[in-house]
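S.K.: Protein chains in written order, with my numbering: chain R, 1 to 311; chain C, 1001 to 1311; chain B, 2001 to 2264; chain V, 3001 to 3264. Note that CB positions come from ideal geometry on N, CA and C, so glycine has one too.
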Amino acid sequence: MTTTESLETHFERTIEADQRIEPRDWVPEKYRATLIRQIAQHAHSEIIGMQPEGNWITRAPSLRRKAILLAKVQDEAGHGLYLYSATETLGADRGDLTERLISGKQKYSSIFNYPTLTFADVGVIGWLVDGAAICNQVPLCRCSYGPYARAMIRICKEESFHQRQGYELLMTMMRGTAAQREMVQEATNRWWWPSLMMFGPPDGDSPNTAQSMAWKIKRHTNDELRQRFVDMTVPQAEALGVTLPDPDLRWNAERGSYDFGEIDWSEFKEVLRGNGPCNAQRVAHRKRAHDEGAWVREAAAAHARKHREAA
Amino acid sequence: MTTTESLETHFERTIEADQRIEPRDWVPEKYRATLIRQIAQHAHSEIIGMQPEGNWITRAPSLRRKAILLAKVQDEAGHGLYLYSATETLGADRGDLTERLISGKQKYSSIFNYPTLTFADVGVIGWLVDGAAICNQVPLCRCSYGPYARAMIRICKEESFHQRQGYELLMTMMRGTAAQREMVQEATNRWWWPSLMMFGPPDGDSPNTAQSMAWKIKRHTNDELRQRFVDMTVPQAEALGVTLPDPDLRWNAERGSYDFGEIDWSEFKEVLRGNGPCNAQRVAHRKRAHDEGAWVREAAAAHARKHREAA
Amino acid sequence: GNDLASYCLMLGDDALIMSHRLQQWCTRAPELEDEVALANIGLDLLGQARLLLTRAGKAGTAMPASAGAAVADRPEDALAFFRDEHEFRNIRLAELSSHEPVDFALVIAQLLVFATWRLALLRRLTDSRDPVLAAIAAKGVKEVTYHRDYAAQWTVRLGDGTDYSHRRMQSGLDAVWPYVGELFDTHPVERALADVAVDPAMSRTEFDDVLTQVCSAATLTVPDIPPLAGVSGRKGRDGVHTEEMGFLLAEMQAVARAHPEATW
Amino acid sequence: GNDLASYCLMLGDDALIMSHRLQQWCTRAPELEDEVALANIGLDLLGQARLLLTRAGKAGTAMPASAGAAVADRPEDALAFFRDEHEFRNIRLAELSSHEPVDFALVIAQLLVFATWRLALLRRLTDSRDPVLAAIAAKGVKEVTYHRDYAAQWTVRLGDGTDYSHRRMQSGLDAVWPYVGELFDTHPVERALADVAVDPAMSRTEFDDVLTQVCSAATLTVPDIPPLAGVSGRKGRDGVHTEEMGFLLAEMQAVARAHPEATW
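#1: Looking at chain R, is there any beta carbon in it that lies within less than 7 Å of the beta carbon of Ala-2109 of chain B?
#2: Which of the residues in the stretch 114-141 of chain R, read from start to end, lie with their CB under 9 Å from any CB of chain V?
#3: Taking His-162 of chain R as the reference, give the member of R:Ile-125, R:Asp-231, R:Ala-33 with the closest Cα.
#4: At a cut of 8 Å, does the stretch 1221-1239 of chain C reach the stretch 1149-1160 of chain C through at least three beta carbon pairs?
#5: Starting from the N-terminal side, write out each stretch of the alpha helix (DSSP H) that is 4 residues or longer and does not extend beyond the stretch 56-91 of chain R.
#6: When we look at the beta-carbon of Thr-211 of chain R and count the other beta-carbons within 10 Å, is it buried (16 or more) or exposed?
#7: Along the stretch 3069-3085 of chain V, what residues have a CB closer than 9 Å to any CB found in chain A?
#8: Measuring straight from C-alpha to C-alpha, what distance separates Glu-3087 of chain V and Gly-1176 of chain C?
#9: Among V:Ala-3078, V:Val-3222, V:Gln-3153, V:Arg-3257, which residue has its Cα nearest to the Cα of Val-3180 of chain V?
#10: If distances are taken between C-alpha atoms only, which option among C:Glu-1005, C:Leu-1007, C:Ser-1006, C:Arg-1013 comes closest to Lys-1216 of chain C?
#11: Would you call the stretch 19-37 of chain R and the stretch 3003-3012 of chain V touching, i.e. three or more CB-CB distances under 8 Å?
#12: Would you tell me roughly how many angstroms separate the C-alpha atoms of Trp-2117 of chain B and Leu-3096 of chain V, rounded to the nearest one?
#13: Check whether the Cβ atoms of Cys-135 of chain R and Leu-196 of chain R lie closer than 7 Å to each other.
#14: What does Val-2036 of chain B touch in chain C if you count any residue whose Cβ is under 8 Å from its own?
#15: In this structure, how does DSSP classify Ser-2128 of chain B when only helix, strand and coil are distinguished?
#16: Going straight from the alpha carbon of Met-1 of chain R to that of Met-213 of chain R, what length do you get?
#17: In chain C, which residues lie less than 7 Å from Glu-3243 of chain V when you measure between Cβ atoms?
#18: Cβ of Gly-1049 of chain C within 6 Å of any heavy atom in the ligand ATP?
#19: Going along chain B, which residues have a C-beta under 8 Å from Gly-276 of chain R?
#20: Taking only beta-carbon atoms, is Ala-2250 of chain B less than 7 Å away from chain V?
#21: So, does the stretch 1137-1147 of chain C touch the stretch 2219-2239 of chain B, judging by three or more C-beta pairs under 8 Å?
#22: Please list, in chain order, the residues of the stretch 2123-2146 of chain B that have any C-beta partner in chain R closer than 8 Å.
#23: So, is Thr-1009 of chain C buried or exposed, given that buried needs 16 or more other C-beta atoms within 10 angstroms?
#24: So is Arg-1190 of chain C in contact with chain V if we call contact Cβ pairs under 7 Å?
#25: What does Gly-176 of chain R touch in chain V if you count any residue whose Cβ is under 7 Å from its own?
#26: Could you tell me which whole alpha helix (DSSP H) segments of length 4 or greater appear in the stretch 2057-2118 of chain B?
#27: Measuring only the C-alpha atoms, how far is Phe-11 of chain R from Glu-46 of chain R?
#28: Below 7 Å between beta carbons: does that hold for Leu-128 of chain R and Gly-3042 of chain V?
#29: Assign Thr-1188 of chain C to buried or exposed, taking buried as 16 or more other Cβ atoms, counted over all protein chains shown, within 10 Å of its Cβ.
#30: Looking only at its own chain, which residues have a Cβ that is under 6 Å from the Cβ of Val-2107 of chain B, when we skip the five neighbours before and after it?
#31: Under a three-way DSSP split, which group does Arg-250 of chain R fall into?
#32: Can you give, in chain order, each stretch of the alpha helix (DSSP H) that sits fully within the stretch 3150-3204 of chain V and has at least 4 residues?
#33: Counting only C-beta atoms, is Thr-58 of chain R closer than 7 Å to chain V at any point?
#34: What does the alpha-carbon distance come out to for the pair Phe-260 of chain R and Trp-191 of chain R?
#35: From Tyr-2150 of chain B to Trp-1265 of chain C, what distance separates their C-alpha atoms?
#36: Can you tell which of R:Lys-287, R:Glu-158, R:Val-296, R:Ile-39 has the C-alpha that lies nearest to the C-alpha of Cys-143 of chain R?
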């Protein structure tokens, strides 16, 4: 009991001093569970997020864009790998987490439950979805748990790169044909509101935020981050020449921020509950790939066993 | 012994009198075996022949052509059905024949081991391949075995229709763009020689012909039919405006027929031996469809059993 | 006017895309009899699509700009081969791919739902004030009755066949069910065309009755699975499709688009 | 001259089409590590394709007429997206589809054969009198060495893994083997470009040695299956492809062709 108390004190002091918790350090079970869940969910999001973009690799209309897109999707697989590794430092197991993903026990970012309908979606995902992800993730680079914070530093660097590439694709398309400009506008219309929902429910409806902030896993509330994203994105939309689909969007000089319209939280909740346009498809696709890879993983394990025994 | 002799005499007299053998009639085992093999091979050809043409249904460039092609491929499935039924009147079993097809124990027409590479192939197959098939099959309408002869009457009628549709497609394409005309010429170049090979080896190399002709299963030799096809086709090519890829092709006024160049029998033998461009693909495709249908056929059988038992 | 054209596109695109999915079964069916039947159904729907797209053209649908000169007098081809994905108006159920990986239970479930729904629509449409639509519907009723019966018979055989086929057939129905809700959404175009179009919402009870009967005979459970959402509420009828649609169109349109000036 | 352009197309198309087949594995690999590896190999080959198609353009390959104005200054895109099937010069091995139905053993066998062959070619090509080709080859050698090693490692793991994986891997090799013969046919263009191109026939022994070694370590049998015939002797290098190629190109080219005047 005394040991636990002193461990707990040590943990709390480390957090308070803004120092990093490392794998060897004692942590409260709820801190561990919260982190595993959050990092796993983040890892799952990277892996599921490969699908909507991967959908366009074989059809990318220039070889340069094809290479950029393929590299981006590959990076996402890499991010998934780092993040699953980070959960392993907390005692989780990758196979077990994958099972939780494909059985629907763990979530991933709801944004990936929307379909990608034209090649412009590739650019808009880079611009808006990666943009929102960065807003969410930059503060995580200072997360109290060391391995997660370090993974986030690397991931954020790559995400910014992706975001610029997405924006650059849109810039090119906006300088192109009328059909291309329409595609960009139409994709923006579809992705804008779901991007705002990426920050999660409004602060009043987000019961876990307080504890996560106390533990310095989270540094800002959902609404703070959402506002930051809007303020960052509106001028980008203007530079691009697209209209954001919100008639209530306007500069509020008093607040020094943009006011924006009401989010349709009922849609958010439906998608979260599994009833978005692609939830079933995304999980089924991942499950199929996992199931169809089972014999390959078994073969690799059998081979490794033989090899060890022979050595 | 005496019975067999009288049965045999009866069989021979029927053949001699150009009358039909019917399922109830006694026939020599070799006649039965020859017919089963020939009709099964013909049925297999209809079924495998669906693949090269079926390959273009989803890509047909007009809805009218799509409907014509789909109906044609459906007719081929229908022909396969009649012909398998005809073998059943001789005591064969459809499932067993299908096994022989997918295990490579029975052949089908070698022509279907060539790929269809452009939409013009659909027209050229109608014109040349169906044209050659008709030359082969019209005499079979007078075959000594009744059920086969009657099946051939129906099949030949439909094949003539297909042949005219193929030719009409080519006519339309030849009146079209330069690219379309090139496609037709190029497809003609690829299919001409394989079509000539459809009549089988030269008479000198065709050991079974004599017996089949004696039994009035076959009515003309391979070379006779081939010559008939060439004589019929050359004027059609001229009307179409395509060149047949044979520099030795010319009218022989003395014979009242077209002379034509040497056929590359080594290619024919290679394809027959299984080494054509599509042999493995065609059989594997048929095998996969059959294997993947197994559970469906089992379910239907199980349901029928339950139904019978309940009745 | 324009609403009539849009309505013809909806019904025509449903038939065109569903026909495409059946065409992809060609040479893949479990028995030759099914090869013939699936092709037959595909042909019927293709025929309906041709009539309806032609009618859409006559009713004033704008022809796609990329359709070459040769296509101008064949509106059915201009519309089938030169529209872009977002211009197609079919319900998303028709897009579902069942042939790769091969899943006979899925195509049967898809066809059962599609044909039961379409039959109910076409029956009502025989009373349309538009004589062309009424005639197309009358012809279609006979065809689609056969489609529904074919699918229902297989549903029963598979549902009440082996344990394995029972599981497969139930999975097929479950996979198709999220696409059912959309079929009965009343579209503004349908509302605007009173007496000409039919309101699909009116046929929901009939549909549920048939499905309940078939499932009961097949010892299957009518699924209780919520409908697939749209994107901001926009679904197939609004030109918002599934991710499979782009691949389907790439294949269907490739040859026609490579030769925009050609006639075939 | 024109032979050089044709030669660059051959090597470029091999890489482009093989890369496409690897791209189709994206989100389907058995492990994340393989997801990363297959994408990486696809990217390397895509990079090689871009350099080689660009070189083909500079060496005087005629640009396809249907390529819009915007594409004129990007020959790699004009050639990739606006050539028709018969203008592609890749060997048929690269066209083999392995992702639908999903077959990891098949893609590994395809990659093992492709990379072993290409590595032998590129090694010799580093001595080409054409400095651009020599430089592309030198870069490629490093990349393709990794591709070959990756495929060889999996061949061994699967061949010497479980009984089931052994059977699958042997089937994969058997399925690929008919496409091997074509790889070592000397093409007239290669003969005409002495000191610039390499004669693939020279690499057959090296190829056989590597395959024998890998198969031996994997407890597999080097297949003894005759090569796939061409059509009147014409094969991939002559623009005569397998039936899968048309579907591959329909997908790859759909968006680019829908917008011929666009830049991306």
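M.R.: Taking the structure as given:
#1: Not one chain R Cβ lies under 7 Å of Ala-2109 of chain B.
#2: Only Thr-118, Phe-119 from the stretch 114-141 of chain R bring a Cβ to less than 9 Å from some Cβ of chain V.
#3: When each option's Cα is compared against that of His-162 of chain R, the closest is R:Ile-125.
#4: no
#5: 63-88
#6: The displayed chain sequence assigns Gln, not Thr, to residue 211 of chain R. Per the 10 Å Cβ criterion, exposed.
#7: This model lacks chain A altogether; the protein chains it does include are R, C, B and V.
#8: In a straight line, the C-alpha of Glu-3087 of chain V is about 21 Å away from that of Gly-1176 of chain C.
#9: V:Val-3222
#10: C:Arg-1013
#11: no
#12: 40 Å
#13: For the pair Cys-135 of chain R and Leu-196 of chain R, the CB atoms are not nearer than the 7 Å cut-off.
#14: Gln-1074, Ala-1077, Gly-1078, Leu-1081
#15: coil
#16: Annotation note: pLDDT 48 at Met-1 of chain R (below 50); position unreliable, no value reported.
#17: Near Glu-3243 of chain V (Cβ distances below 7 Å), the residues of chain C are Asn-1055, Pro-1115, Thr-1116.
#18: The ligand ATP is not part of the structure shown, which contains no ligands of any sort.
#19: Ala-2229
#20: Closer than 7 Å to some Cβ of chain V, the Cβ of Ala-2250 of chain B qualifies, so yes.
#21: no
#22: none
#23: exposed
#24: So, interface residue.
#25: Ala-3262, Thr-3263
#26: 2075-2082
#27: 30 Å
#28: No. Outside cutoff.
#29: By the 10 Å Cβ count, Thr-1188 of chain C comes out buried.
#30: Result list for Val-2107 of chain B: Ser-2098, in chain order.
#31: The answer is strand: DSSP assigns Arg-250 of chain R an E or B state.
#32: 3163-3176, 3180-3183, 3188-3192
#33: yes
#34: Computed Cα separation, rounded: 15 Å.
#35: 47 Å
#36: R:Ile-39
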